[in-house]
Amino acid sequence: SQQGEEDPQALSIQEGENATMNCSYKTSINNLQWYRQNSGRGLVHLILIRSNEREKHSGRLRVTLDTSKKSSSLLITASRAADTASYFCATGGAAGNKLTFGGGTRVLVKP
Amino acid sequence: EAQVTQNPRYLITVTGKKLTVTCSQNMNHEYMSWYRQDPGLGLRQIYYSMNVEVTDKGDVPEGYKVSRKEKRNFPLILESPSPNQTSLYFCATSRQGVFYEQYFGPGTRLTVT
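Top to bottom, those sequences are chains A and B.
Numbering-wise (my numbering), the first sequence opens with residue 51 and increments by one.
Numbering-wise (my numbering), the second sequence opens with residue 2 and increments by one.
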């Protein structure tokens with residue numbers, strides 16, 4: 051089974067609303083990363099949060115990490131149609147130098 | 002411009018015909034890796050390399066080979082492709098392992114008939 055698993059699998063919202071997605075993982079980590087993927091294209095890095103950090107911001111993105119619950123959340127505020135994409139969490143450092151991805155959340159932002 | 006390039010971008014081949022997918026980066030990154038992406042299974046790591054001549058297996062290495070003779074290149078070799086290797090493949094690089102952000106290539110869509 052995957053180290054990181056996202057919830058929900060799909061999300062549909064109106065432009066201007068906030069989008070929240072969650073990631074749970076199983077083993078201890080060094081860091082957790084979030085990526086965005088537009089249909090069939092390469093992944094783009096959004097935020098990296100280290101295990102000793104609880105919250106991080108980047109523009110309209112806010113990531114939280116709760117290592118006691120082994121979970122993370124990604125919040126996109128004031129969503130735009132251009133935010134339509136799949137979002138993946140990835141955990142690093144749990145098993146050497148392997149990066150393990152979750153199954154992703156598909157976000158549709160309707161104009 | 003920082004770039005990760007993959008070639009070819011699209012490939013249709015037949016079972017058993019050896020093929021190589023190339024990956025090249027211009028960022029002097031030490032860490033390079035290969036992933037495959039399949040519907041419902043997310044991205045799974047095939048192989049990774051910490052530096053020249055240092056490679057290690059990821060989660061799904063069976064049926065694949067890699068080599069790292071130069072820092073900038075990390076080719077993925079399928080010696081005898083099979084239909085279950087039909088997938089979307091991504092190369093990714095990072096300054097130093099999984100402790101930093103990964104830069105992904107544009108992907109190679111492989112179909113094995």
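Cβ atoms here follow ideal geometry from the backbone N, Cα and C, with glycine treated the same way.
Computed from a predicted structure; not experimentally measured.
*Members of the stretch 34-49 of chain B that neighbour chain A once the beta carbon cut-off is set at 8 Å*: So the close ones are S34, Y36, G41, L42, G43, L44, R45, Q46 and Y49.
*What residue ranges within the stretch 38-68 of chain B form continuous alpha helix (DSSP H) runs of no fewer than 4 residues, ordered along the chain?*
Segments of the alpha helix (DSSP H) lying fully in the stretch 38-68 of chain B: there are none.
*Cβ neighbours of G142(A) in the same chain (closer than 6 Å, five flanking residues each side left out)*: Counting from one through the first sequence, the residue named residue 142(A) turns up at place 92. Non-local beta-carbon contacts of G142(A) in its own chain, meaning distances under 6 Å to residues more than five positions away in sequence, involve N80, N81 and L149 in chain order.
*Closer than 8 Å by beta-carbon distance: list the chain B residues that pair up with L158(A), in chain order.*
Translated into positions along the first sequence, residue 158(A) becomes position 108. Residues of chain B passing the Cβ test: none, with the nearest at roughly 17 Å.
*Could you name the residues of the same chain whose beta carbon sits closer than 8 Å to that of E65(A), not counting the 5 residues immediately before and after it, in chain order?*
Walking along the first sequence from the start, residue 65(A) turns up at place 15. Here the set comprises S129, R130, A131, V159, K160 and P161.
*Starting from Y137(A), trace the beta strand (DSSP E) both ways and give me its first and last residue.*
Translated into positions along the first sequence, residue 137(A) becomes position 87. From DSSP, the beta strand (DSSP E) with Y137(A) extends over A135 to G142.
*In this structure, does DSSP put A131(A) in helix, strand or coil?*
Within the first sequence, residue 131(A) is the residue found at index 81, counting from 1. Three-state result, A131(A): helix.
*Closer than 8 Å by C-beta to V55(B): which residues in its own chain qualify, once you throw out the five before and the five after it? Chain order, please.*
Position 54 of the second sequence, counted from the first residue, corresponds to residue 55(B). Same-chain partners within the cutoff: R69.
_I need the boundaries of the beta strand (DSSP E) containing N102(A), first residue and last residue._
For the purposes of this step, residue 102(A) is taken as the residue at position 52 of the first sequence. Membership of N102(A) in any beta strand (DSSP E) is not indicated, and neither H nor E is assigned to it by DSSP.
*Identify the residues that DSSP records as bridge partners of R156(A): which are they?*
If you number the first sequence from 1, residue 156(A) lands on position 106. Its beta-bridge partners are A60(A) and S136(A).
*Have a look at T70(A) and L124(A) and give me their C-alpha separation to the nearest angstrom.*
Taking the first residue of the first sequence as position 1, residue 70(A) is located at position 20. Taking the first residue of the first sequence as position 1, residue 124(A) is located at position 74. Spanning the two alpha carbons is a distance of roughly 6 Å.
*In chain order, what residues of the stretch 86-103 of chain B put their CB closer than 8 Å to some CB of chain A?*
Here the close residues are L89, F91, A93, G98, V99, F100, Y101, E102 and Q103.
*Quick one: grab the DSSP three-state call for N85(B).*
Stepping through the second sequence from its first residue, residue 85(B) is reached at position 84. In the structure shown, N85(B) falls within a helical segment according to DSSP collapsed to helix, strand and coil.
*Straight-line Cα distance separating T127(A) from G109(A)*: Mapped onto the first sequence, residue 109(A) falls at position 59. Mapped onto the first sequence, residue 127(A) falls at position 77. Computed Cα separation, rounded: 9 Å.
*Kindly confirm or deny that the stretch 12-24 of chain B and the stretch 46-61 of chain B touch, where touching means at least three C-beta pairs closer than 8 Å.*
Remark: fewer than three beta-carbon pairs, one from each stretch, lie closer than 8 Å, so the stretch 12-24 of chain B and the stretch 46-61 of chain B are not flagged as touching.
*Could you run through the stretch 94-112 of chain A and flag, in chain order, every residue whose CB is less than 8 Å away from some CB of chain B?*
Listed by position, the residues of the stretch 94-112 of chain A near chain B (Cβ gap below 8 Å) are V94, H95 and L98.
*Give me whichever residues DSSP pairs with M71(A) in a beta bridge.*
Position 21 of the first sequence holds residue 71(A). In the DSSP assignment, M71(A) forms a beta bridge with L124(A).
*For my contact list, L98(A) and F138(A) are in at a C-beta cut-off of 8 Å; report their separation, rounded to the angstrom.*
Here the question's residue 98(A) lines up with position 48 in the first sequence. Here the question's residue 138(A) lines up with position 88 in the first sequence. Rounded, the Cβ-Cβ distance is 13 Å, inconsistent with contact.
*Can you give me, in chain order, the residues of the stretch 49-62 of chain B that have a beta carbon less than 8 Å from any beta carbon in chain A?*
Per Cβ criterion, the list reads Y49, M51, D57, G59 and D60.
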